[in-house]
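To start, the structure itself, in structure tokens.
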Amino acid sequence: MMQWLAPWLFSDDVCRLFGYISVRAAGAAVTAFLLAILCGPMVIRWLGQLGVKERIDGTGSATLEQLHGHKRGTPTMGGLFVIGAILVACAMWLRFDGQNRFSLPGIVLVAGFAAVGLWDDWVKLHDGKKRGISKREKQGALTVIALLVALWLLGPAGLQDNLGGPHLYVPFAKSFAADLTVWFGVPFLLLAILVLTGSANAVNLTDGLDGLAAGCITTAAIAYAVITYAVGRVDWAQYLLVPHVPGAGEMAVMMAALLGGALGFLWFNAAPALVFMGDVGSLGLGGALGYAALVSRTELVLLFVGGVFVVEALSVIVQVASFRLRKKRVFRCAPLHHHFQFGGMPETRVVVRTWVVSALLALCSLALFKVR
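Below you can see the structure in the form of structure tokens.
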């Protein structure tokens, strides 16, 4: 939008600046942050007046009720102003012309996943169902949206045409990547559904402590801003021996908006939290990360960038599988952050240490691009 408005508002020299991804990325980050900061108090007050407040369900001997009882009554669904700020920033600073056709599908994906989260939050808080909509309904809705976006990438967005063949960046095996690529078509659609819905659900599971998910999102967004920018530049891609995806650099603008929105939410969500994200925020933010990985064909790198989210999701899978098969629990409580809490570690220490691990994983993921 800014590229269309710039000729009417600024001189030619200033207008040329809006052609640079770095300038628009900075603009998107600042815009999303300021919108979140300005709109946050009003939305939080409105949510409180509506009675949209967190409920705590205690389980086990050292219960969540005992650990998180003081949080009861805190407004939730704060993801409304975060996702809103991100979408507005993306609409303002992304390019939507023929040179980049990845922007609109990304906005649709984030908005769609957030809508599913809003549906789940609303049912959970207002219809007397503690767990919200059923897992089948939630996963089904996310799958349909992910499938439509994946078809959009293969069709109108032209991801297949841009790459000219099957490409997938494989860490530690660049010279063998040709044998490990995923062909477009049904395999790509299945991979897209797995990446998009898996990323969204993993972030959703991580969102259990004050500032935990938002802090990890910021480090992941920074990493993927760099990754998508590198993949989108032919010279950088050739130097790093990674697939060059024309137009993928535009996702750096979306990741910058994600960064700004997450930091703006962290302003209110840091302990003691004034508001919680809810599924409306976590599903939308997680979907955005998965989309950046999908467009840049660095789906495997997402396992490193979002390592915290992956481990949190795996802890739940392992816990459920162990209890069903062996009638024994591996962790004191799942997801993993509750395991540490039940062991006596203060919440703030769990959060900060997880942020440190997330930052280290993001740095390691960037280092992977020089590993041959």
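Each residue of the sequence shown is one higher than the last, beginning at -17 in the working numbering. Beta carbons: idealized from backbone N, C-alpha and C, even for Gly.
| Item | Value |
| --- | --- |
| Find out if the Cβ-Cβ distance for the pair Ala7, Tyr211 is shorter than 9 Å. | yes |
| Given Ile115, which residues of its chain have a CB within under 7 Å of its CB, disregarding the five upstream and five downstream residues? | Trp101, Asp102 and Val105 |
| Please say whether Val131 and Val98 have beta carbons closer to each other than 9 Å? | no |
| Give me the Cα-Cα distance between Thr56 and Asp261, rounded to the nearest whole angstrom. | 15 Å |
| If I measure Cβ to Cβ from Arg83 and keep anything under 8 Å in the same chain, skipping five residues before and after, which residues do I get? | Pro138, Ala139, Gly140 and Gly229 |
| Closest Cβ-Cβ distance between Leu172 and chain D: below 9 Å? | In the displayed structure, chain D is absent; only one protein chain is listed. |
| Apart from the five residues on each side of it in sequence, which residues of its chain come closer than 7 Å, Cβ to Cβ, to Leu285? | Val292 |
| What residue ranges within the region 56 to 126 form continuous alpha helix (DSSP H) runs of no fewer than 4 residues, ordered along the chain? | 61 to 75 and 85 to 108 |
| Can you list, in chain order, the residues of its chain whose CB lies under 8 Å from that of Glu294, leaving out five sequence neighbours each side? | Ala184, Leu187, Thr188, Pro317, Leu318 and His319 |
| In or out: Asp217 buried (at least 16 other Cβ within 10 Å) or exposed? | exposed |
| Determine the extent of the alpha helix (DSSP H) in which His321 is found, giving its start and end residues. | Leu318 to Phe324 |
| Just tell me which of Ala182, Gly190, Phe324 and Leu129 has its CA closest to the CA of Leu171. | Leu129 |
| Quick check: Leu32 and Leu178, are their CB atoms within less than 9 Å of each other? | no |
| With Arg348 and Val208 assumed to form a contact (beta carbons below 8 Å), what rounded beta-carbon distance in angstroms separates them? | One point to set straight first is that residue 348 is Leu, not Arg, in the sequence displayed. Confirmed, about 6 Å. |
| Could you give the DSSP three-state label for Ala368: helix, strand or coil? | Since the displayed the chain opens at -17 and closes at 354, residue 368 lies outside it and no answer follows. |
| Give the range of the alpha helix (DSSP H) segment to which Cys198 is assigned. | Leu194 to Gly214 |
| What do you reckon, are the CB atoms on Gly61 and Gly22 nearer than 9 Å? | no |
| Check whether the region 238 to 255 and the region 297 to 304 are in contact - that is, three or more C-beta pairs closer than 8 Å. | no |
| Measure the Cβ-Cβ separation of Val257 and Leu76 and say whether it is below 9 Å. | no |
| Let me know the secondary structure DSSP gives Pro225 once reduced to three states. | coil |
| Helix, strand or coil for Ser43? Go by DSSP, reduced to three states. | Residue placement at Ser43 is poorly supported in this model, since its pLDDT is 43, which falls under 50; the coordinates are not used for a value here. |
| Can you tell which of Leu136, Val332, Phe313 and Leu240 has its C-alpha closest to the C-alpha of Leu173? | Leu136 |
| Sorted by chain position, which residues of the same chain lie with C-beta nearer than 6 Å to Ile199's C-beta, five sequence neighbours on each side aside? | Ala244 and Leu267 |
| Return the chain-ordered ranges of every alpha helix (DSSP H) run that is complete within the region 247 to 281 and spans a minimum of 4 residues. | 260 to 278 |
| Just verifying my parser: in three-state terms, what is the DSSP assignment at Leu191? | coil |
| Check whether the Cβ atoms of Phe358 and Ala18 sit closer than 9 Å, and answer yes or no. | Given that the chain is displayed from residue -17 to residue 354, the structure contains no residue 358 and the question cannot be resolved. |
| Which of the three DSSP states is assigned to Pro138 in this structure? | coil |
| For Ser360, which residues from the same chain have a beta carbon less than 8 Å from its beta carbon, with the 5 sequence-adjacent residues on both sides left out? | Lying outside -17 to 354, the shown extent of the chain, residue 360 is not represented and no answer is given. |
| Going straight from the alpha carbon of His226 to that of Arg331, what length do you get? | 40 Å |
| Whole angstroms are fine: how far does the CA of Val224 sit from the CA of Leu240? | 24 Å |
| Short of 7 Å in beta carbon distance, which residues of its chain neighbour Ala93, apart from the five on each side in sequence? Order them along the chain. | Leu69 |
| Does the separation of the CB atoms of Ala11 and Gly242 fall below 9 Å? | yes |
| Helix, strand or coil: which one does DSSP assign to Gly167? | coil |
| Closest to Leu359 by C-alpha separation, out of Gly269, Met259 and Tyr2, would be which residue? | Nothing about residue 359 can be read from this structure; the chain reaches only from -17 to 354. |
| If you reduce the DSSP assignment to three classes, tell me which class Arg311 lands in. | coil |
| From which residue to which residue does the alpha helix (DSSP H) around Val338 run? | Glu329 to Ala349 |
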